[in-house]
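First to last, the sequence lines map onto chains A and B.
Letter by letter, the first sequence follows residues 1 to 890 in full-length UniProt numbering.
Letter by letter, the second sequence follows residues 1 to 73 in full-length UniProt numbering.
The beta-carbon is built from N, C-alpha and C at its ideal position, and this holds for glycine as well.
Remember, predicted model here, so these are calculated numbers, not experimental data.
Below is one structure; the comments refer to it alone.
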Amino acid sequence: MVQPLLATKLHVPKRRRALVPRPRLSERLSRADGAALTLVSAPAGFGKTTVLTEWLDSGSTGAGAVAWLSLDEGDNDPAVFWTYVLAALRTVSDAIGADVGSSVDAVPTRLVNELAALPGELVLVLDDYHVVDSSEVRDGVQLLVEHLPAQVRLVIATRTDPVLPLARMRGRGELVELRAADLRFTDEEAATYLGEVMGLDLTGDDVAALEARTEGWIAALQLAALSMQDRDDVAGFIANFAGDDRYIVDYLVEEVLQRQPEPVRSFLLQTSVLGRLTGPLCDAVTGRDDGAAVLDALDRGNLFVVPLDTRRRWYRYHHLFADVLQVHLLDEQPGAVADLHRRACAWHEREGDLAEAVAHALAAGDHDRAADLIEPALPALQQHRQEATMRRWLEALPDEVVRARPVLSVGYVAALMVSGDAAEVDERLRDVERLLTADDAPAPGTVVVDEEAFRRLPAAIAVYRTGRLLLSGDVPGAIAHARTALDLLRPEDHQGRGAVAGLLGLAHWTTGDLDAGLRWWTEAAAALESAGFRSDVTGAALATADIRSAQGRPGQAMAAYDRALRIVDPGTGTPLRGAADLHVGMAGVLLERGDAAAARRHLAAADELGEAGGLPQFPYRRCVELARVHEADGDVDGALALLAEAERRYVADYFPEVRPVAALRARLLARQGRWGEALGWARERGLSPADEPDYLHEFAHLCLARALVARHAATGEQQALLDAVSLLDRLTAAAEAGGRTGSLIELLVVRAVAEQARGDTGAAAAALRRAVDLGEPAGYVQVFLDERRSLAALLATVATPGGVLAAQVRRPTADVPGGPVDALTARELDVLRLLDTDLDGPDIARRLFVSVNTVRTHTKNIYAKLGVNNRRAAVRRGDELGLLGRAGER
Amino acid sequence: MTTYPCCYEVRLDGRLDERWAGWFDGMTVTTDGDGTTTLRGPLVDQAALHGLLRRVHDLGLALVSVTRLDPGH
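Below, the structure written as structure tokens:
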């Protein structure tokens, strides 16, 4: 993170010196057995923080450890937010965050796992959560809330209800709430506060009048009490106050301000622009030298300063008080406000707090100053993946300021590339290019702070252009720009060269030139590793492995996954981000080899790492491979449901979509004889058997050929078969020319099925033999087994005797009926064994990585096959039949 | 969704004096006879409206109503 970590945000705020004990609220918080979330939701000034600190102090939380985080606007960047959450948790346990590694941009899932492994109980408080409006941060928090381990209580204090499924949580008893109505001072509490704490001698009627006017709003009662201290005519004050309908805080702050000596009054007004106060900062802003002393006096007089650290060096004003003070400041000295912010900016800049300095420069309306501060910080912001912060700052500047600064403009492009605003990126790049003159000097009217960054701009622009062109499908354009970029990048710029090499690898892969794609990816991986961008190494490995698979070299794909999986974060020894994707990739290779059990183990390992351990495409990749597991188990509905989920969760990135989910679905349907649906898909996509082959559509065309063969099998229509064979001819020629042996093997298998359907057994055997010659040594099994129904006899003759394929072909399928009842599929056996536990349906679904509906389907099938109609009977009957495998386990 | 500037009228419970106009980005502040206050003025978009409402909420002021005024008002 670029800005310093502020320890004051992690302190449990000190309880105020004078306090009304409120055991009724502490007790309610303590009674929250089993509730994952505690929500304290009320407007400012209702004592939310105080209630929490009293509860934590009372020792009745049931948890020894408390992690506290006071949020502010700067936390709307996931990188910043999660850094602080981890820092807060580390104040409690060294073990936390050790496993998260350096990729703080997606920690929630790993955090859940780490918290679950904690020995003791823990309370995590997020105070001032209402400042969070970043949807990325909110999504992460929601994930955390929904998977929170039992020993952790999350407490959110906020002025507005968080975007979480509160109603559902309420219904399930997972939520404990304190709201404004609970937090208001009761008559009794008001009397205690005014009398015992503030030492005011009031009648019961006085207290009732104040309580009625303030409606138990604590901040207002506090202000009223301060106004009454040392006042002779208390009754008169109360009568005036009660009879006035002005905004209560405004009225009272004015009362309090009027009673302050002028130096204190002007101090309060001038320092009201500060979010956090400390002596030297106040001095810098006021031009005086009594900052520390005044703060101390305010603290003792209970004048709305809240200490932020135990040493009472940092304070903030109570929010309401600060707002009203600023209104007075604006009203009385409108011209002074900008200057106060400017001084605060200068102080924070000297202290190295860039975020505060930028915030004050922006508040001062001093946009050039803010831009001057942001520009040199861009490289560090990018390296720490704080693109959200970059975007927020740059969007706070007037557009013309950003546009006049080429380095800032390209920084904005970098931020936009992450959030995927394509049109804006193009427009900005064009805009910047106009500012770059031939002689490498800034064009007139432009502003450059970071000269070094300015000199690198042409190269940076060429890199971003390459990326944009590739995303928009202009492969030749992308390759041309990549060449320019390589010419412009300095030899030692490993990061830039690695990025361009990767883009070139993608471009060539997209056109089907696998050799060139592989070459560039090898170079990219080396450059990125030299640049220390370890997490990008995962992406390079995935691309390399995908290309290797397309080449029909699954062993090399496996080696690429394996190599990347061995690289760990040097600081923590934990796997890289994207490790989950690597496991999914390995599962894919293992499935191709017919080893579903090993594939499942890798999918489980991927799930263990969780979505946060994956790249953006992880959820989709995971669903695709899981669908294949289900298909291999004979669970077609489960596989279709997973493919539907894969389609929902697909996010486009730079990787070419060479195996679209819709095509995978069509292939599955065609295999099930549901050719009508499969051909419907092809029609919808505008695919025709007369199409000329190209790599991006190769897989889809192959699936179309399968659907046509299935149509012939079902209807006997010769035309479908002829169309399929002619399409396969063209696809085969193209795959051969492109060295895409992976595609070629599947094409030949489908060809064999088609030839057999035509009655040409010789041609079928020839095609299959060639497929086996290519595929068997590389370990291909599943592609043949998938066609076992029609090709079993041929396979037995062409597979190498004694080999893996031959053995697999002979093995009976899991769902062949046998014995007194229909045999259960492997998946149904899994479910049956889990029915013999205490797990409920949703738990079983989670355990098997399937939906609850799929579990229901399996359960229905199990009941039908076993001739029972409830869970207990199914387990009993399963036990009788020896299906539970108990002997082996116990 | 409204993306063009619009005039809004935001009514609050309680009486605010004119001094608050600056705090609410130049909206006019009018106190009504019934103990409510109305902020009135143009806001560039929905984000600005939500920012204004957030300021109202931050002060602990109770919101009574929000009305978009037809052009011509």
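Distance cut-off 8 angstroms: residue i Cβ against heavy atoms of the ligand ZN
i                      : result
residue 230 of chain A : With respect to the ligand ZN, the structure offers nothing, as it holds no ligand at all.
According to DSSP, residues forming a beta bridge with residue i
i                      : result
residue 38 of chain A  : A:155, A:176
residue 69 of chain B  : B:7
residue 70 of chain A  : A:127
residue 316 of chain A : A:306
residue 436 of chain A : A:442
residue 619 of chain A : Bridge partners of residue 619 of chain A: none, in fact.
residue 575 of chain A : A:568
residue 65 of chain A  : A:122
residue 246 of chain A : B:15
Pair within 9 angstroms by beta-carbon distance, residue i and residue j
i                      : j                      : result
residue 615 of chain A : residue 539 of chain A : yes
residue 390 of chain A : residue 373 of chain A : no
residue 761 of chain A : residue 794 of chain A : yes
residue 273 of chain A : residue 324 of chain A : no
residue 551 of chain A : residue 603 of chain A : no
residue 246 of chain A : residue 17 of chain B  : yes
residue 703 of chain A : residue 678 of chain A : yes
residue 900 of chain A : residue 338 of chain A : Past the boundaries of the shown model lies residue 900 of chain A; chain A is included only from 1 to 890, so the question cannot be answered.
residue 234 of chain A : residue 200 of chain A : yes
residue 237 of chain A : residue 255 of chain A : yes
residue 512 of chain A : residue 740 of chain A : yes
Best match in the options for proximity to residue i [C-alpha to C-alpha]
i                      : options                    : result
residue 24 of chain B  : B:33, B:32, B:34, B:9      : B:9
residue 649 of chain A : A:618, A:165, A:241, A:694 : A:618
residue 184 of chain A : A:208, A:215, A:708, A:155 : A:215
residue 520 of chain A : A:255, A:669, A:869, A:500 : A:500
residue 445 of chain A : A:473, A:406, A:458, A:461 : A:406
residue 126 of chain A : A:119, A:301, A:117, A:144 : A:144
residue 267 of chain A : A:256, A:282, A:275, A:258 : A:282
residue 583 of chain A : A:153, A:209, A:541        : A:541
residue 508 of chain A : A:658, A:597, A:708        : A:658
residue 580 of chain A : A:591, A:565, A:593        : A:565
residue 510 of chain A : A:6, A:250, A:151, A:476   : A:476
residue 218 of chain A : A:640, A:27, A:321, A:828  : A:321
residue 664 of chain A : A:400, A:707, A:693, A:765 : A:707
Close-in-space but distant-in-sequence residues of the same chain around residue i (CB under 6 angstroms, 5 per side omitted)
i                      : result
residue 819 of chain A : Per-residue confidence for residue 819 of chain A stands at a pLDDT of 34, beneath the threshold of 50, marking its modelled position as unreliable; the derived number appears in the next sentence. Nothing meets the Cβ criterion.
residue 915 of chain A : Because chain A in this structure spans residues 1 to 890, residue 915 of chain A falls outside the shown range and cannot be described.
residue 910 of chain A : In the structure displayed, chain A extends from 1 to 890; residue 910 of chain A sits before or after that span and is not available.
residue 55 of chain B  : none
residue 497 of chain A : 489, 527
residue 841 of chain A : 852, 855
residue 278 of chain A : 313, 314
residue 743 of chain A : 698, 735
residue 486 of chain A : 500
Limits of the beta strand (DSSP E) - the one that residue i falls within
i                      : result
residue 129 of chain A : Here residue 129 of chain A belongs to no beta strand (DSSP E), and DSSP marks it neither H nor E.
residue 37 of chain B  : 36-43
residue 449 of chain A : Run containing residue 449 of chain A: none; DSSP gives neither H nor E here.
residue 29 of chain B  : 28-31
Host alpha helix (DSSP H) of residue i (start-end)
i                      : result
residue 16 of chain B  : Unbroken run through residue 16 of chain B: none, as it is neither H nor E.
residue 334 of chain A : Note, residue 334 of chain A: premise wrong, no alpha helix (DSSP H); not H, not E.
residue 865 of chain A : 852-866
Cβ-based neighbour list, residue i, same chain, cut-off 7 angstroms, excluding 5 preceding and 5 following
i                      : result
residue 10 of chain A  : 68, 69, 87, 88, 91
residue 413 of chain A : 425, 428, 429, 464
residue 558 of chain A : 586, 589
residue 417 of chain A : 425, 464, 467
residue 403 of chain A : 409, 431
residue 352 of chain A : 4
residue 863 of chain A : 869, 874
residue 787 of chain A : 749, 753
residue 375 of chain A : 405, 407, 408, 449, 450
Sequence-distant residues of its chain with Cβ nearer than 8 angstroms to residue i (five each side left out)
i                      : result
residue 821 of chain A : Confidence is the limiting factor: at residue 821 of chain A the pLDDT is only 46, short of 50, which leaves the residue's position unreliable, though a coordinate-based value still follows. Result list for residue 821 of chain A: 865, 866, 867, 881, in chain order.
residue 299 of chain A : 305, 307, 312, 315
residue 53 of chain B  : 10, 63, 66
residue 769 of chain A : 798
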